[in-house]
Structure formats: structure tokens, C-alpha cells
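Colleague:
There are 2 protein chains.
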Amino acid sequence: MEESSNKVHSAQFLQHYLEEVITLLEKQQMEKSLVERSPTTNHELVETVLHNQQQTRLQEMFAPLHPADIAHILESLPLDQRKTVWNAIKTSHDGQILLEVSDAVRETLISGMEAEELATVAAQLDTDEIADLAPDIPKRAMLKILRLLNSKERKHLNDVLAYPEDQVGALMHFGMITIREDLNLKAVKAYIRKLKKLPSHTDKLFVVDQNDVVKGILPLQRLLTYSSIRQVAEVMVTDFIRFQVDQNTDEAARAFERYALISAPVVDNNGKLQGRLCIDSIMDFIREETDEDLLLQAGVSEEEDLFSSVWKSAKNRWGWLLINIATAFISTRIIGLFENVILQLVALASLMPIVAATGGNTGNQTSMLIIRSLALGQISPANVRRLIKKEVALAILNGILLGIVVGGAVMLLYQDEALAGVMAIAIFINLLVAVVVGLSIPLLRHKLGKDPAIGTSVMLTSITDAMGFFILLGLASLFLIHTL
Amino acid sequence: MEESSNKVHSAQFLQHYLEEVITLLEKQQMEKSLVERSPTTNHELVETVLHNQQQTRLQEMFAPLHPADIAHILESLPLDQRKTVWNAIKTSHDGQILLEVSDAVRETLISGMEAEELATVAAQLDTDEIADLAPDIPKRAMLKILRLLNSKERKHLNDVLAYPEDQVGALMHFGMITIREDLNLKAVKAYIRKLKKLPSHTDKLFVVDQNDVVKGILPLQRLLTYSSIRQVAEVMVTDFIRFQVDQNTDEAARAFERYALISAPVVDNNGKLQGRLCIDSIMDFIREETDEDLLLQAGVSEEEDLFSSVWKSAKNRWGWLLINIATAFISTRIIGLFENVILQLVALASLMPIVAATGGNTGNQTSMLIIRSLALGQISPANVRRLIKKEVALAILNGILLGIVVGGAVMLLYQDEALAGVMAIAIFINLLVAVVVGLSIPLLRHKLGKDPAIGTSVMLTSITDAMGFFILLGLASLFLIHTL
Numbered sequence: 001m002e003e004s005s006n007k008v009h010s011a012q013f014l015q016h017y018l019e020e021v022i023t024l025l026e027k028q029q030m031e032k033s034l035v036e037r038s039p040t041t042n043h044e045l046v047e048t049v050l051h052n053q054q055q056t057r058l059q060e061m062f063a064p065l066h067p068a069d070i071a072h073i074l075e076s077l078p079l080d081q082r083k084t085v086w087n088a089i090k091t092s093h094d095g096q097i098l099l100e101v102s103d104a105v106r107e108t109l110i111s112g113m114e115a116e117e118l119a120t121v122a123a124q125l126d127t128d129e130i131a132d133l134a135p136d137i138p139k140r141a142m143l144k145i146l147r148l149l150n151s152k153e154r155k156h157l158n159d160v161l162a163y164p165e166d167q168v169g170a171l172m173h174f175g176m177i178t179i180r181e182d183l184n185l186k187a188v189k190a191y192i193r194k195l196k197k198l199p200s201h202t203d204k205l206f207v208v209d210q211n212d213v214v215k216g217i218l219p220l221q222r223l224l225t226y227s228s229i230r231q232v233a234e235v236m237v238t239d240f241i242r243f244q245v246d247q248n249t250d251e252a253a254r255a256f257e258r259y260a261l262i263s264a265p266v267v268d269n270n271g272k273l274q275g276r277l278c279i280d281s282i283m284d285f286i287r288e289e290t291d292e293d294l295l296l297q298a299g300v301s302e303e304e305d306l307f308s309s310v311w312k313s314a315k316n317r318w319g320w321l322l323i324n325i326a327t328a329f330i331s332t333r334i335i336g337l338f339e340n341v342i343l344q345l346v347a348l349a350s351l352m353p354i355v356a357a358t359g360g361n362t363g364n365q366t367s368m369l370i371i372r373s374l375a376l377g378q379i380s381p382a383n384v385r386r387l388i389k390k391e392v393a394l395a396i397l398n399g400i401l402l403g404i405v406v407g408g409a410v411m412l413l414y415q416d417e418a419l420a421g422v423m424a425i426a427i428f429i430n431l432l433v434a435v436v437v438g439l440s441i442p443l444l445r446h447k448l449g450k451d452p453a454i455g456t457s458v459m460l461t462s463i464t465d466a467m468g469f470f471i472l473l474g475l476a477s478l479f480l481i482h483t484l
Numbered sequence: 001m002e003e004s005s006n007k008v009h010s011a012q013f014l015q016h017y018l019e020e021v022i023t024l025l026e027k028q029q030m031e032k033s034l035v036e037r038s039p040t041t042n043h044e045l046v047e048t049v050l051h052n053q054q055q056t057r058l059q060e061m062f063a064p065l066h067p068a069d070i071a072h073i074l075e076s077l078p079l080d081q082r083k084t085v086w087n088a089i090k091t092s093h094d095g096q097i098l099l100e101v102s103d104a105v106r107e108t109l110i111s112g113m114e115a116e117e118l119a120t121v122a123a124q125l126d127t128d129e130i131a132d133l134a135p136d137i138p139k140r141a142m143l144k145i146l147r148l149l150n151s152k153e154r155k156h157l158n159d160v161l162a163y164p165e166d167q168v169g170a171l172m173h174f175g176m177i178t179i180r181e182d183l184n185l186k187a188v189k190a191y192i193r194k195l196k197k198l199p200s201h202t203d204k205l206f207v208v209d210q211n212d213v214v215k216g217i218l219p220l221q222r223l224l225t226y227s228s229i230r231q232v233a234e235v236m237v238t239d240f241i242r243f244q245v246d247q248n249t250d251e252a253a254r255a256f257e258r259y260a261l262i263s264a265p266v267v268d269n270n271g272k273l274q275g276r277l278c279i280d281s282i283m284d285f286i287r288e289e290t291d292e293d294l295l296l297q298a299g300v301s302e303e304e305d306l307f308s309s310v311w312k313s314a315k316n317r318w319g320w321l322l323i324n325i326a327t328a329f330i331s332t333r334i335i336g337l338f339e340n341v342i343l344q345l346v347a348l349a350s351l352m353p354i355v356a357a358t359g360g361n362t363g364n365q366t367s368m369l370i371i372r373s374l375a376l377g378q379i380s381p382a383n384v385r386r387l388i389k390k391e392v393a394l395a396i397l398n399g400i401l402l403g404i405v406v407g408g409a410v411m412l413l414y415q416d417e418a419l420a421g422v423m424a425i426a427i428f429i430n431l432l433v434a435v436v437v438g439l440s441i442p443l444l445r446h447k448l449g450k451d452p453a454i455g456t457s458v459m460l461t462s463i464t465d466a467m468g469f470f471i472l473l474g475l476a477s478l479f480l481i482h483t484l
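Protein chains in written order, with the UniProt record's numbering: chain A, 1 to 484; chain B, 1 to 484.
1) What in chain B is Cβ-close to Q15 of chain A, meaning under 8 Å?
2) Do you know whose CA, among B:E44, B:D69, B:I73 and B:L58, lies nearest L18 of chain B's CA?
3) My understanding is that I354 of chain B touches I325 of chain A, with C-beta atoms under 8 Å, so please give their C-beta distance in whole angstroms.
4) Give, in chain order, every residue of the segment 160–173 of chain B whose Cβ lies closer than 9 Å to some Cβ of chain A.
5) According to DSSP, which residues form a beta bridge with S263 of chain B?
6) Does any heavy atom of the ligand NAD sit closer than 7 Å to the C-beta of K144 of chain A?
7) Excluding the 5 residues preceding and the 5 following H43 of chain B in the sequence, name in chain order all residues of the same chain whose CB lies nearer than 8 Å to its CB.
8) Between which two residues does the beta strand (DSSP E) carrying G169 of chain B extend?
9) Beta-carbon of L295 of chain A versus every beta-carbon of chain B: anything under 8 Å?
10) Which residues of the segment 387–419 of chain A have a Cβ closer than 7 Å to any Cβ of chain B? Give them in chain order.
11) Can you pull out the residues from the segment 63–90 of chain A whose beta carbon lies closer than 8 Å to at least one beta carbon of chain B?
12) Considering only C-alpha positions, which residue in the set B:L296, B:K83 and B:L439 is nearest to Q365 of chain B?
13) Buried or exposed: which applies to L480 of chain B, given that a residue is buried once 16 or more other Cβ atoms fall within 10 Å of its Cβ?
14) Are the C-beta of N184 of chain B and some C-beta of chain A separated by less than 8 Å?
15) In the structure shown, what three-state DSSP assignment does Q210 of chain A receive?
16) Are the segment 247–262 of chain B and the segment 244–256 of chain A touching by the rule of at least three beta carbon pairs closer than 8 Å?
17) Report the neighbours of H51 of chain A on chain B: residues whose CB is nearer than 7 Å to its CB, in chain order.
18) Kindly say whether K196 of chain B, judged by its beta-carbon, lies nearer than 8 Å to any beta-carbon of chain A.
19) Please go through the segment 282–365 of chain B and give each complete alpha helix (DSSP H) segment of 4 or more residues, from N-terminal end onward.
20) Figure out for me which residue from A:K139, A:V105, A:K152 and A:D103 has the closest Cα to the Cα of E116 of chain A.
21) So, under 8 Å CB-CB, N270 of chain A and V214 of chain A are touching, yes? Tell me the CB distance rounded to an integer number of Å.
22) Give me whichever residues DSSP pairs with N184 of chain A in a beta bridge.
23) Could you tell me which chain B residues have their CB closer than 7 Å to the CB of V346 of chain A, listed as they occur along the chain?
24) Once the 5 residues before and after Y414 of chain A are set aside, which same chain residues still bring their CB inside 8 Å of it?
25) I need the DSSP call for G112 of chain B, collapsed to helix, strand or coil.
26) Can you pull the DSSP bridge partners for I217 of chain B?
27) Is D293 of chain A buried or exposed, if buried means 16 or more other CB atoms sit within 10 Å of its CB?
28) Given R445 of chain A, which residues of its chain have a CB within under 6 Å of its CB, disregarding the five upstream and five downstream residues?
29) In whole angstroms, what separates the C-alpha of G363 of chain A from that of A170 of chain B?
30) Please tell me whether D128 of chain A has its Cβ less than 8 Å away from any Cβ of chain B.
31) For D291 of chain A, would you say it is in contact with chain B, using Cβ-to-Cβ distances shorter than 8 Å as the test?
32) Strictly below 9 Å CB to CB, what residues from chain A border E257 of chain B?
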């Protein structure tokens with residue numbers, strides 16, 4: 001598909017469009033309720049007329065839009081309005097819209113569709129596109145779809161679905177052009193002219209032997225600039241980037257960024273061509289990954305969209321909230337141990353949140369830097385010792401400085417030198433604890449093969465909170481309370 | 001530049017390479033200190049020999065690597081080792097490495113280079129590449145570089161540098177192929193063959209008139225599949241995506257994702273061609289933006305790299321830490337108001353962090369979802385009311401549920417019904433506060449034209465903390481303390 005068309009619009013335009021759609025829907029909703037309350041005898045007829053009007057109007061509004069733009073508007077609509085629009089337009093558009101919406105929104109769209117409808121939509125898509133939708137398609141519809149495919153397509157579909165989401169095989173496409181090395185460029189050009197259309201993102205052709213093993217690539221640039229009488233074997237690039245079907249997608253994404261790739265062949269362990277990986281899939285992958293990281297930090301999963309139902313959103317968020325409450329109760333028990341100390345010096349109750357918060361913030365800064373560097377592959381056993389040294393030095397420097405700042409503020413507020421001193425020392429120690437925890441959690445999780453981003457912040461904050469309370473109240477009971 | 005070469009390596013390979021480099025550097029460091037301590041008379045000579053050996057060995061090691069891979073290794077090396085390697089290899093490689101490293105690392109590399117060296121390096125780069133480096137190049141070196149450029153190049157450089165970082169103009173390149181619409185495709189092919197090389201990421205040619213106004217685009221696909229005797233005017237695409245030089249880069253990035261673009265023309269207000277925007281610049285931009293967001297959440301700026309000096313890192317992190325401490329003192333003052341209440345029911349001191357933490361977490365979940373949706377352009381005045389309704393409903397549901405959970409736990413711990421009830425109500429109210437704050441801060445910042453991601457978390461947490469303490473202790477003084 002060529003990307004250029006008259007269907008391309010700016011963000012501002014889309015915002016404007018979205019508001020028009022919502023206004024239309026609300027007006028229609030109002031008309032409908034007017035009819036219901038009116039004393040006409042023939043409610044049903046009037047409602048049918050109104051409904052048909054609405055369908056037509058919506059179809060007209062969406063007809064000139066690019067599928068990606070329609071997807072964007074659907075994502076921005078509240079659930080009920082989204083369904084109204086989708087019901088009106090789904091038949092007049094193909095499955096491209098389903099491909100473009102986010103996973104959470106796709107689920108809401110598909111949930112209202114019949115198996116037959118879904119099969120009709122899928123019939124217009126390529127095999128790799130069906131594979132993208134597959135996780136959200138109900139079994140009954142999937143069986144119908146499989147019946148529509150030929151045996152080669154069915155094999156492709158099974159191949160893609162067999163790979164876990166984080167492997168290159170799950171992202172590959174099957175639209176690609178392969179040529180043999182004994183052709184000359186003139187023959188290649190004639191072949192392309194006969195094809196009439198190139199798969200999107202074709203910047204190179206794959207040169208394969210009779211066993212489909214990739215021998216080299218022929219960049220379109222060379223096809224256009226080299227003499228037509230030269231042979232593919234002479235002008236193809238033999239040291240080229242290829243990916244293994246079972247390779248980690250993260251790694252492939254980094255290679256695409258690093259070497260500015262547009263497309264690359266995907267091969268199996270014998271070098272046999274399996275498919276093609278393109279920059280657009282990689283961009284979607286990167287966007288989803290980073291989005292997920294950002295939301296997971298706050299304990300929201302990517303499953304949730306802006307207008308997920310209240311019930312679904314609630315379930316989605318409870319996990320982390322409950323974990324947070326459980327860890328907060330640990331702090332509660334620690335403070336409980338020192339109730340006597342607090343009774344004797346109640347200012348401690350006011351001051352203890354400062355020690356906890358400072359530790360949490362410092363620890364988060366360290367862990368975030370580590371998580372990012374792990375994601376970029378910058379941390380190795382060889383440099384990790386140096387890194388730890390640097391962060392500890394930083395914690396000592398920050399501890400001294402912030403200790404002085406907080407100690408000074410406490411002195412001003414309470415005019416109590418001993419209390420100010422204890423606060424300063426507590427801040428200093430908790431900063432050291434924070435940096436050690438902020439370093440170890442992501443590094444350990446990474447070593448155990450787990451995503452270092454998930455849960456680090458929650459675990460870290462609960463430890464720095466509990467330790468902050470313990471250190472301050474413990475120091476106070478040692479140095480400030482003489483009557484115990 | 002064609003991306004394919006024998007210089008491409010996997011992440012694992014690079015990790016391994018990095019460790020070899022570090023081992024080599026450490027061995028050489030050891031030899032050097034052995035020489036210094038040895039009783040030889042001619043230290044200087046031996047050291048020079050060792051130094052030359054080291055230079056040669058490092059140059060050999062790095063020679064087969066792709067500039068992007070060398071950049072990656074440099075980013076992973078501690079400061080002193082990074083400088084040693086850079087001094088050894090900088091002359092044998094061109095400025096590509098400087099282009100590939102992150103801003104923070106580039107600064108450390110350039111800081112050790114003479115103005116002459118920098119000018120020599122820049123002489124090998126394109127104008128748009130020099131523009132990428134420009135912010136880090138000292139004035140003296142920049143003047144030398146300007147003297148090496150011809151007047152057209154100097155104009156280009158000034159043009160790019162004139163655009164702020166968040167506008168399309170700052171990211172555009174000047175390497176592109178323009179053609180006239182009265183040519184036939186055969187003539188276009190002959191022209192390309194004469195050029196010998198296409199700029200990287202050329203998937204389309206730009207059709208311009210005599211005033212350089214873009215009339216259409218000619219995808220390479222059409223050049224390859226249409227008959228050679230047809231005219232450019234007949235086969236060019238006239239409804240194509242173009243960007244304005246002063247357009248927001250965020251918007252351009254979304255268009256690249258949405259319409260799966262590889263390159264697009266950049267025009268001024270009169271439609272005159274100014275440059276070309278390519279997917280690789282957009283990917284770098286997206287990666288930097290999301291990285292920045294993730295780090296800013298934790299109060300670390302993108303200026304800091306893994307091995308920034310302790311002093312630089314410390315300064316980078318103080319800002320947010322001090323703000324955090326200042327807001328923590330607000331909570332302190334609020335708790336201070338209720339010291340009498342705490343003295344009468346010391347369990348409140350243990351329980352108050354739970355109310356604060358639950359509010360903070362819920363508010364962060366809401367604000368993070370809003371920040372993401374704002375970034376995706378999904379929120380408009382038309383749907384914001386619905387969104388607020390949904391989040392408030394969610395807060396009520398969560399408030400009841402978590403209130404019961406926490407109240408129950410407090411009942412188990414303290415066997416005090418009144419205390420458990422007050423805790424449950426405090427949790428409920430603070431969750432409502434949290435969701436209102438979590439919605440309003442990012443939405444307000446967005447409305448004021450500011451980045452909704454920056455500082456939201458800190459402001460939110462300080463409000464939910466302070467309100468959490470105030471609500472719990474206030475309720476307690478009303479309902480639990482009868483002797484006041």
C-alpha cells in the first residue's frame with residue numbers, strides 16, 4: 001500500500017473532527033429521547049428512520065478518513081459512543097481499522113461483532129495482519145477464518161502464531177520480493193514491472209537459492225544505479241543484517257535504530273528465509289513497550305484504555321494498590337514498635353515522613369537510571385562495579401548536603417540541636433540505604449531474567465519508607481529519649 | 001549510505017566486546033603502574049612505547065566496528081576509560097561516532113578535543129549532521145568549521161540552527177532528489193543512474209516547479225513499475241503528506257507512525273521545498289522523548305549519562321530532591337497541628353502513612369493514564385467530561401473497597417471499631433481527593449501549554465500526603481478524641 005492519499009489529516013483537524021462526531025452523537029441521542037417521550041403512536045417507525053439517518057450521516061463523516069485516523073477517533077470516544085460509531089461504519093471499511101486501534105480498544109470493538117462479520121473482515125487482510133488480530137478473535141470466528149485461507153496461508157498463520165510476542169517471528173510479514181542470483185538487473189526490473197506493486201516498505205530485494213536460503217540482498221538503490229547488464233550475484237550485498245525467527249524483538253528494535261534499517265530478512269537456524277521485518281512494526285513495538293513501561297511504573301496495565309469500563313479499570317488497578325497497602329502496613333508495624341518514643345517526643349511523628357520521602361525519591365532516581373541503561377544494553381559485568389562506586393559516592397555527597405538542609409530546617413522549626421542532629425544522620429543513612437536498594441532491585445531482577453522496570457518502584461518505596469521510619473525512630477530512642 | 005556492511009553485530013557480541021575492551025584497558029593501566037614503580041632509569045621511553053602499543057591495539061579492536069556500535073561501547077565505558085579509547089581511535093574514524101552517541105556522552109568526548117580536530121571531523125560530515133553536533137561545539141571550533149563550508153552549506157546550517165528543537169525544521173536533512181514534472185520516467189531513471197548514489201531513506205522523489213514549490217511526489221515503486229515513456233506529471237502522487245518547517249515535531253512523529261512514512265518533504269508557508277524528514281530522525285526523536293519522560297518522572301534529567309561525574313549527577317538531581325523536601329515539610333507542619341491528637345491516640349502516628357500512600361498511588365494511576373492519553377492526542381474538550389465521570393466513579397468504587405480492606409486490617413490489629421471506621425472514611429475521602437488532583441494537574445498544565453508529565457508526580461504526591469494526614473488526623477480529632 002502506498003502511504004500517500006488524500007486521506008491524511010493533522011492532529012488539530014482530528015481534534016475538530018472528534019468534537020463534531022461527539023456533537024452529532026449527542027444530538028441524535030437527544031432526538032431519540034424526544035421521540036420516546038412524544039405522544040406519537042408509531043415510535044418504532046420513527047426510531048428506525050432516525051437510526052438509518054444516523055448510520056448514513058456517520059458513514060458520510062468517516063468515509064474520507066484514513067483507517068489510522070478513524071482508529072484514533074474510535075480510541076478517543078467513550079465506550080457507548082464508540083460502539084455506535086463502529087456499528088455504523090464497520091461494514092463500509094475493511095479490517096485496517098481493527099489493525100490500527102490499541103489492543104484494549106480492539107477488544108471492545110470485536111466483542112460486539114458476529115463470527116460471520118469477523119470472517120468477512122479478515123478475508124480482506126493479509127495473513128500477517130490476521131495474525132496481529134488473532135489473540136482478540138473468538139475461537140468460533142477463528143475457525144471460520146481458517147476455512148477461508150488456502151493451505152500456504154494457513155501455514156503462515158500458524159507459523160506466526162507459534163512465536164511468543166517478544167520474538168521476531170511474531171512480528172514478521174510475508175509480503176516480500178525474492179530473486180535468484182543468476183539473473184541480471186534487467187530481468188529483475190522486468191520481473192518487478194510485472195508484479196505491478198511492491199509490498200510496502202520495500203527498500204531491498206532478498207536474493208535466495210533454490211532452498212530459500214538467503215544469499216544476499218539487493219537494495220533498490222543498486223537496482224536503480226547499476227548497469228542493467230550486471231548480474232545480481234555481482235552487485236548484491238552479502239554482509240547484510242538478518243534476524244533469527246526466535247531472536248528477541250528488543251534486540252531487533254535496537255538494531256533497526258542503530259543501523260537505520262527499513263526492512264530486513266528473517267531466517268531460521270539454517271538461514272532459510274521465513275519472512276520480513278519492517279520499520280513500521282518495529283515502531284509500533286517500541287511505542288507499546290515504552291508506553292507500557294510508563295504506565296506500569298504507576299501500576300496501570302496497558303490493557304486499560306481511556307474509556308475502559310469502570311469495573312475493568314478497577315480490577316486492572318487493584319493489584320498494585322493492594323500490594324501498596326500491604327507494604328504500607330509493614331511501615332505501620334515498624335512505627336508501632338516505637339509508639340513509646342513518639343509519645344515522649346511527638347515531633348518525631350511530624351518529621352518521620354520527610355526521612356521516608358527523601359529516601360524514596362533518591363532511590364527512584366538511581367533505579368530509573370539503571371533501568372534505562374539496562375534497556376539500552378549499556379550495563380555489563382565489567383562496568384557494573386564502577387557504576388556502583390559512582391552511585392554510592394553520589395549518595396554520600398547528597399546525604400551530607402540534604403542532611404545539612406533538613407537538619408537546618410528542623411533546627412529553625414524546633415530549636416532543638418539534638419533533634420536536628422538525629423534528623424540529619426537519619427537522612428544520611430536512609431539515602432545510603434536507598435541507593436543500595438535502588439541499585440540492587442533492578443540489577444537483581446535483570447540477572448534473574450525478569451523485566452527490571454516492573455514493580456521496582458513499589459518495592460523500593462516500601463523499603464525506603466520502612467527503613468526511614470526505623471532509622472529515625474531507632475536513632476531517636478538511642479540518643480533523644482533518656483527515660484526509656 | 002547503505003546500511004548493509006560487514007560491521008554489524010548482535011547485542012551479545014557487543015557486551016562481549018565491551019568486556020574485552022575493559023580488560024585490555026585495565027591490563028594496560030596495571031602495566032603502566034608497574035613501569036612507574038620499577039627501577040628502570042628510562043621511564044619516559046618505556047611509557048611512550050606502552051602508550052603507542054595501547055593506541056595501536058585499541059585502533060585494531062575498533063576498526064571492524066560500525067560507528068553506531070563504537071558509540072554504544074563508548075557510552076558504556078566509565079569516564080576515564082571512555083576518554084582513553086576516544087583519544088586512541090578518534091583520528092581513524094569520522095564524525096559518525098559523535099553523531100551516534102547520546103548528548104551527554106558527546107559533551108564528554110568533545111570537551112577533550114582541539115578546535116582544529118573538531119573542524120577536521122566536521123569537514124567529513126553533511127551540513128545537517130554538523131547541525132546536529134552544533135549545540136555541543138565550542139564557538140572557536142564552530143568558526144573554523146564555518147570557514148570550511150561554501151555559501152550554500154553555510155545557509156543550510158544557519159537555517160537548521162534557527163529552528164527550535166521541537167520544530168520539524170530542526171530535524172530536516174538536505175540530501176534529497178528533486179525532479180521536474182515534464183520529464184518522462186526514462187529520463188528520471190537516467191538522472192538517478194548518473195547520480196550513482198541515492199540519499200539514505202530515499203523511497204520517493206520530490207517533484208518541484210521552477211520556484212522549488214513541491215507539486216507532487218514520485219514513489220520509487222512507481223518509477224520501477226510504470227512504463228518508462230510515461231511523464232512524471234501523469235504518475236506522480238499529488239495528495240501527499242508534507243510538513244511545515246515550523247510544525248511541531250510531536251505531530252510529525254505521530255504522522256510518521258500513523259501513516260507508516262519513510263520520508264516526507266518539508267516546506268515553508270509558500271509550499272517551497274526546504275528539506276526532507278526521514279524515519280530515522282523520527283525514531284531517534286521518539287526514543288529521546290520517551291526516555292526523557294521516564295527519567296523526568298523520577299527527577300533525573302536526560303543530560304545525565306550512566307557515567308556522568310558525581311558532581312554533575314548531583315547537581316542534576318538536587319532540584320527535584322529539594323522540591324520534595326520542601327513539600328514534605330508542608331506535611332510536617334500539618335501533622336504538627338495535630339500533635340495533641342497523636343499524643344492521645346498514638347496509633348494514629350502508625351496509621352497515617354497508609355492513608356497518604358494509598359492516595360498517592362491512586363492519584364498517580366489516574367494522572368499517568370491522562371498524561372499518556374494527552375500525549376497520544378486522545379483528549380478533547382468534548383470527551384473530557386465523560387472521562388472525569390469515569391475516573392470519579394472508579395475512585396468511589398476503589399474508595400469503598402480499599403476503605404473496607406484497610407478498615408478490616410485496622411480492626412484486626414487494634415480491635416478498635418471507631419478507629420477502623422475513621423481509617424476507612426479517611427481512605428475513601430483521600431482517594432476522591434487523589435483522583436481530582438490526578439485529573440486536574442495534567443489537564444491544567446496541558447491547557448496552559450506546559451508538558452503535563454513534568455512534576456505532576458511530585459505535586460500530586462505532596463498534595464495527597466498532606467491531605468491524607470489532614471483528613472485522618474482531622475477526623476480523629478472530631479470523632480475519636482473526646483477530651484479535647
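Even for Gly, the Cβ is constructed at its ideal location relative to N, Cα and C.
Since we're looking at a predicted model, the values are computed, not measured.
Modeller: For this structure:
1) By Cβ distance, chain B contributes G377 and S380.
2) The alpha carbon of L18 of chain B has as its nearest neighbour, out of B:E44, B:D69, B:I73 and B:L58, the alpha carbon of B:I73.
3) Taking the Cβ atoms as the reference, I354 of chain B lies roughly 7 Å from I325 of chain A, within the contact range of under 8 Å.
4) So the list is empty, because no residue satisfies the distance condition.
5) In the DSSP output, where bridge partners are listed per residue, S263 of chain B has B:C278.
6) This structure simply doesn't include the ligand NAD, nor any ligand for that matter.
7) Correct list, in chain order: V35 and E36.
8) First-last for G169 of chain B: undefined, no H or E at that position.
9) Yes, L295 of chain A lies at the interface with chain B (some Cβ there is under 8 Å from its Cβ).
10) Those would be L387, K390, A393, L394, L397, N398, L402, V405, V406 and A409, in chain order.
11) Cβ contacts with chain B: H66, A68, D69, H72, E75, S76, L77 and P78.
12) When each option's Cα is compared against that of Q365 of chain B, the closest is B:L439.
13) Under this definition L480 of chain B is a buried residue.
14) Chain A contact via Cβ: absent.
15) Three-state DSSP puts Q210 of chain A in coil, outside helix and strand.
16) The segment 247–262 of chain B is not in contact with the segment 244–256 of chain A.
17) Going along chain B, no residue has its Cβ under 7 Å from H51 of chain A, so there is no contact; the nearest lies around 22 Å.
18) Between K196 of chain B and chain A, the shortest Cβ-Cβ separation is below 8 Å.
19) Taking 4 residues as the shortest admissible run, the segment 282–365 of chain B contains the following complete alpha helix (DSSP H) segments, listed from N- to C-terminal end: 310–337 and 339–344.
20) Ranking the options by Cα distance to E116 of chain A, first place goes to A:K139.
21) Rounded, the Cβ-Cβ distance is 10 Å, inconsistent with contact.
22) For N184 of chain A, the beta-bridge partners assigned by DSSP are A:Q231.
23) Within chain B, the residues near V346 of chain A are E339, I342 and L343.
24) So the list reads A347 and A420, once near-sequence residues are dropped.
25) Three-state DSSP puts G112 of chain B in coil, outside helix and strand.
26) Under DSSP, the beta-bridge partners assigned to I217 of chain B are B:F206 and B:V237.
27) A buried status is given to D293 of chain A, since no fewer than 16 other beta-carbon atoms sit within 10 Å of its beta-carbon.
28) Cβ neighbours of R445 of chain A beyond the five flanking positions: P452.
29) Their Cα atoms are separated by approximately 36 Å.
30) Cβ-Cβ to chain B under 8 Å: no for D128 of chain A.
31) Interface residue, yes.
32) A68, D280, M283, D284 and R287, listed in chain order.
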